[in-house]
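Numbering (the numbering used here), first residue to last: 25 to 568. The beta-carbon is built from N, C-alpha and C at its ideal position, and this holds for glycine as well. A short write-up of the structure that comes next.
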């Protein structure tokens, strides 16, 4: 099990670390508090392990691969051993290491709240809410009123209705401490306002839950082939909240309303309508672009809306629109260096640039991902991380930078037990075998056995995987025989590749007849076979 403190410090950005160091020196007479000393040691370990991980990837080519996907990533030095070595001169810290680690975690979290309050509206408002009971205890009523008014203006601008409801509680307490002839009338007005805020907040939650349920259904069954899933999908969409006359009185409600309709018309197997899907995605973007205040206070929602529209443009083949959308998102990336903007750009940008053969732009995105990897992965679910690793490895595989493709595949193994995106992980195992076969690295048979065991142990051996493993084994055996006899048999290799391609094409026909989703990696493996048989590169074939 990973250490909580270690994983927390690994997740910190350089700016967050620098702020914590400054924050830790406030209010202490010690030259260096114990928790700061401990932080420095753990941070040193994080830096060393970052370098070690990249070295280990390169060292793997010289040894047999025995690990499975469920193993912990290899480490040069155990974390606890490192702590004891570095803190040997500080026995007091080591004696109470559990408490010291807990103290450090709490201090880091405190600093993060303050750090993000500057740029995060909700964090700023939460700080104000934390101050109000203190001001009330000290009977600082004027200051209390000032803080409430400050928070109200910000919360109204940002449409934070649950916080507005909490602020009304404090307005009520403040009112009850005053002598006012219209006390009851004013109190009634506050009750009405609070109920209005609570109603909007409640509906926001209903929309959010409805959207999430629909998305989870599609993630579980992409084409909704199971009757029970399709029935539930339809039932969820019949919710009164989705009627044309439903009140869309907050940007969050409007956002979910249009996203739900957009996803319904994109994913319904019988009522798929890309025109309606596109219109809802476009309407949501227009909601922001026609209201600069909303755009300013809900930048992340706007970027999500652009991202959703970009998917619709790609499916609708509106490529001019897609270029314009990517340019809008990248403008935020350049001006504000927003990680969310980078993620939104990569979401459809990688697919678009690869499919339109703009490999230089695709490589620029991959370089940006590498430069911002810690912050980038911190905002993503593991399945999305695996998707980006997989797409980056495909890019470098296509342009024949095989070592770079191998490095991106190995990034996937930093997530040993992902909840989502396992299809990318397992397809990556097959592509990794192809890459090391092309590079003629040693221990190919051992690598093949490791991949086969991994797929078998994770119940992931469909006909596709079996066909690929079977043919790769024969290709590797042929190469080993050639190395022993020093005699090349190009005809036999071509024959095996043709057999692999033929069986994959038969598999594609079966999948199409049965209406199933093609396994991840199938199209890529077909392209590789065609490239090898034609004597061309994958890039050349794609550009023909």
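Worksheet entry | Candidates 34, 47, 165: closest to residue 60 by CA position | Here residue 60 refers to the residue found at position 36 when the chain shown is read from its first residue. That would be 47, whose Cα lies nearest to the Cα of residue 60.
Practice prompt. Have a look at residue 192 and residue 212 and give me their C-alpha separation to the nearest angstrom.
Written response: Counting from 1 along the chain shown, the entry for residue 192 is found at position 168. Counting from 1 along the chain shown, the entry for residue 212 is found at position 188. So the two alpha carbons sit approximately 12 Å from each other.
Practice prompt. Please list, in chain order, all residues of the same chain as residue 562 whose beta carbon is under 6 Å from its beta carbon, the five residues on each side excluded.
Written response: By 1-based counting over the chain shown, the position of residue 562 is 538. Cβ within range, chain order: 422, 551, 555.
Fill in: Cβ separation of residue 389 and residue 353, assumed to be a contact under 8 Å, to the nearest whole Å
The sequence position of residue 389 within the chain shown is 365, counting from 1. The sequence position of residue 353 within the chain shown is 329, counting from 1. That belief does not hold up - the Cβ atoms of residue 389 and residue 353 are roughly 11 Å apart, past 8 Å.
Practice prompt. Look at residue 187 and residue 149 and say whether their C-beta atoms are less than 7 Å apart.
Written response: Counted from its first residue, the chain shown places residue 187 at position 163. Counted from its first residue, the chain shown places residue 149 at position 125. Cβ distance < 7 Å, so residue 187 and residue 149 count as in contact.
Discussion item. Here's the rule: buried if 16 or more other CB atoms are within 10 angstroms of the residue's CB, otherwise exposed. What is residue 364?
Written reply: For this step, residue 364 is matched to residue 340 along the chain shown. Classification of residue 364: buried, given that the 10 Å Cβ count is 16 or more.
Worksheet item: So, are the CB atoms of residue 62 and residue 128 less than 7 Å apart?
Response: Position 38 of the chain shown, counted from the first residue, corresponds to residue 62. Position 104 of the chain shown, counted from the first residue, corresponds to residue 128. A contact, by the Cβ cut-off of 7 Å.
Worksheet item: Would a C-beta distance cut-off of 7 Å place residue 301 and residue 286 closer than the cut-off?
Response: To locate residue 301, count along the chain shown from 1; it is residue 277. To locate residue 286, count along the chain shown from 1; it is residue 262. Yes, these two residues count as a Cβ contact at 7 Å.
Worksheet item: Using the rule of at least 16 other Cβ atoms within 10 Å of the residue's Cβ for burial, across every protein chain shown, is residue 299 buried or exposed?
Response: As a position in the chain shown, residue 299 is number 275, starting the count at 1. Exposed, by the Cβ-count rule.
Item to complete: In angstroms with no decimal places, state the Cα-to-Cα distance between residue 139 and residue 158.
Response: Taking the first residue of the chain shown as position 1, residue 139 is located at position 115. Taking the first residue of the chain shown as position 1, residue 158 is located at position 134. Approximately 21 Å between the Cα atoms of the pair.
Fill in: Selection from 153, 180, 179 that minimises the alpha carbon distance to residue 167
Indexing the chain shown from 1 puts residue 167 at position 143. The candidate whose alpha carbon is nearest that of residue 167 is 153.
Worksheet entry | Beta-carbon separation (whole angstroms), residue 437 vs residue 479, contact threshold 8 Å | By one-based count along the chain shown, residue 437 stands at place 413. By one-based count along the chain shown, residue 479 stands at place 455. Not really, about 14 Å apart at Cβ, beyond 8 Å.
Practice prompt. State the start and end residues of the unbroken alpha helix (DSSP H) segment that holds residue 157.
Written response: The count along the chain shown starts at 1 and reaches residue 157 at position 133. Looking at the DSSP string, the run of the alpha helix (DSSP H) that includes residue 157 is 145 to 161.
Discussion item. Using the Cβ count rule (16 or more neighbours within 10 Å means buried), how would you classify residue 288?
Written reply: Position 264 of the chain shown holds residue 288. By the 10 Å Cβ count, residue 288 comes out buried.
Worksheet item: How long is the line joining the alpha carbons of residue 502 and residue 416, rounded to whole angstroms?
Response: Position 478 of the chain shown, counting from 1, holds the residue named residue 502. Position 392 of the chain shown, counting from 1, holds the residue named residue 416. Taking the straight line joining both Cα atoms gives about 30 Å.
Discussion item. By the three-class DSSP mapping on this structure, what secondary structure does residue 397 have?
Written reply: The residue given as residue 397 occupies position 373 in the chain shown. In this structure, residue 397 counts as helix in the three-state DSSP scheme.
Item to complete: Under 8 Å by Cβ, that's how I've got residue 278 and residue 308 pegged, so tell me the actual separation to the nearest angstrom.
Response: Along the chain shown, one-based indexing puts residue 278 at 254. Along the chain shown, one-based indexing puts residue 308 at 284. The Cβ separation is near 7 Å, so the contact holds.
Fill in: Whole alpha helix (DSSP H) elements within the stretch 301 to 386, 4-residue minimum
316 to 321, 323 to 340, 343 to 360, 363 to 379
Practice prompt. Check residue 467 in the structure and name its three-state DSSP category.
Written response: Here residue 467 corresponds to residue number 443 of the chain shown, with the count starting at 1. DSSP places residue 467 in coil when its eight states are reduced to three.
Worksheet item: Hey, is the stretch 487 to 498 in contact with the stretch 531 to 551, meaning 3+ C-beta pairs nearer than 8 Å?
Response: yes
Discussion item. If you measure between the beta carbons of residue 404 and residue 378, is that distance less than 7 Å?
Written reply: Position 380 of the chain shown, counted from the first residue, corresponds to residue 404. Position 354 of the chain shown, counted from the first residue, corresponds to residue 378. No, the Cβ-Cβ distance between residue 404 and residue 378 is not below 7 Å.
Worksheet item: Are the beta-carbon atoms belonging to residue 327 and residue 386 less than 7 Å from one another?
Response: Mapped onto the chain shown, residue 327 falls at position 303. Mapped onto the chain shown, residue 386 falls at position 362. Contact: no.
Item to complete: With DSSP collapsed to three states, give me the class of residue 132.
Response: Taking the chain shown and counting its residues from 1, the one referred to as residue 132 is at position 108. Three-state result, residue 132: helix.
Worksheet item: Closest by CA to residue 265, which one among 253, 280, 256, 255?
Response: For this step, residue 265 is matched to residue 241 along the chain shown. It is 280.
Discussion item. Residues in the same chain with beta-carbon distance under 8 Å from residue 317, minus the five sequence neighbours each way, listed in chain order, please.
Written reply: Your numbering for residue 317 matches position 293 in the chain shown. Excluding sequence neighbours, residue 317 sits near 181.
Fill in: residue 201 burial status per 10 Å Cβ neighbour count (16 or more: buried)
Along the chain shown, read from residue 1 onward, the residue named residue 201 stands at position 177. The residue in question, residue 201, is exposed, as its Cβ has fewer than 16 Cβ neighbours within 10 Å.
Item to complete: Using the Cα positions of residue 111 and residue 68, report the straight-line distance between them to the nearest angstrom.
Response: To locate residue 111, count along the chain shown from 1; it is residue 87. To locate residue 68, count along the chain shown from 1; it is residue 44. Cα to Cα, the separation comes out at about 12 Å.
Practice prompt. With DSSP as the reference, label residue 554 as helix, strand or coil.
Written response: Locating residue 554 in the chain shown gives position 530, where the first residue counts as 1. Reduced to three states, the DSSP call for residue 554 is helix.
Practice prompt. Leaving out five residues on either side along the sequence, give the residues of the same chain with a beta carbon under 6 Å from the beta carbon of residue 125.
Written response: Residue numbering aside, residue 125 sits at position 101 when the chain shown is read from its first letter. Around residue 125: 29.
Fill in: C-beta contact flag for residue 218 and residue 189 at 7 Å
Within the chain shown, the letter at position 194 stands for residue 218. Within the chain shown, the letter at position 165 stands for residue 189. Yes, they are a contact pair.
Discussion item. Please report the straight-line C-alpha distance between residue 257 and residue 336, rounded to a whole angstrom.
Written reply: The count along the chain shown starts at 1 and reaches residue 257 at position 233. The count along the chain shown starts at 1 and reaches residue 336 at position 312. Roughly 20 Å between the two C-alpha positions.
Fill in: Member of 162, 169, 221, 244 whose CA lies at the smallest distance from the CA of residue 184
Against the chain shown, residue 184 aligns to sequence position 160. Answer by Cα proximity: 221.
Worksheet entry | Opening and closing residue of the alpha helix (DSSP H) in which residue 407 lies | Along the chain shown, one-based indexing puts residue 407 at 383. Start and end: 406 to 422.
Worksheet item: Taking just the CA atoms, how far does residue 236 sit from residue 339?
Response: Reading the chain shown from its first residue, position 315 is the one you call residue 339. Reading the chain shown from its first residue, position 212 is the one you call residue 236. In a straight line, the C-alpha of residue 339 is about 22 Å away from that of residue 236.
Practice prompt. Assuming residue 520 contacts residue 499 (C-beta within less than 8 Å), just tell me the rounded distance between them.
Written response: As a first step, residue 520 must be located in the chain shown, where it is residue number 496. As a first step, residue 499 must be located in the chain shown, where it is residue number 475. So it is a contact: roughly 5 Å between Cβ atoms.
Worksheet entry | Exposure label - residue 174; buried when at least 16 CB within 10 Å | As a first step, residue 174 is located in the chain shown; it is residue number 150 there, counting from the start. Residue 174 comes out exposed.
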